[in-house]
Amino acid sequence: MKIFLLFMVFCTIWFETFSMRPYTKLKVCMKQKLGNAFTEYTIFDPKDSSLQSKCFYHCLLELKGVIANDTITSVEPRKLLVRKYGINDVAELKKAEEKCHSIRTSGQCELGYEIVKCYKSITQH
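Residues -19 to -1, 1 to 106 (mature numbering (1 follows the signal peptide of the UniProt record, and there is no 0)) make up the sequence shown, in order.
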C-alpha cells in the first residue's frame, strides 16, 4: 500500500511538472526579453502595442516553432494557418507566406507582434 501511495504521489508530481512546462517556458522567455518589467500579474491586451504585449506574442510564436533565432521558420507558420485559421487553399497559403514572411523588424519582440498582426489581417477577409 505504501508503494502504491508513493507511486501515486510521484505520478501526480510528474504530471504537474509536465502539464505546466509550456507555461514555464513562456515565463522564462518573457523574463529574458523583459527582465524585471515582467511579472506573473502582467496583463496582456491583444490590441495593445506595448513592449510587454509584443514580447508575449514573440515568445508564444517561438514556443510554437514559428520563430527561431529571430527569423520565421518555413514549415510551422503554414501548419498554424491551416490548423488555427482553417486556410487550406494553396494559393491563399502562398499569398499569406509572401506577405507575412517578408516582414523585417529591428526592435525587440517586434517580429512576433508583426506576424500576429499580419496573420490576423489575412484571416479577416
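A virtual CB, placed ideally from N, CA and C, is assigned to each residue, including glycine.
In this text, all values refer to a predicted model and were calculated from it rather than measured experimentally.
If you look at residue 84, you'll find it isn't in any alpha helix (DSSP H); DSSP assigns it neither H nor E.
Approximately 6 Å separates the beta-carbon atoms of residue 86 and residue 95; this is inside 8 Å, confirming the contact. About 17 Å separates the CB atoms of residue 71 and residue 57; that is not less than 8 Å, and the two are not in contact.
Listed as beta-bridge partners of residue 49 by DSSP are 52. Boundaries of the alpha helix (DSSP H) around residue 102: 91 to 104. Here the C-alpha atom of residue 42 lies approximately 10 Å from the C-alpha atom of residue 92.
In this structure, residue 7 lies away from residue 33, with their beta-carbon atoms at least 8 Å apart. Restricting attention to 61, 99 and 89, the CA atom closest to the CA of residue 83 is found in 99. Rounded to whole angstroms, residue 35 and residue 67 show a C-alpha spacing of 24 Å. If you draw a 10 Å sphere on the C-beta of residue 49, you find fewer than 16 other C-beta atoms in it, and that means exposed.
Residue 53 is positioned such that its CB atom lies no closer than 8 Å to that of residue 77.
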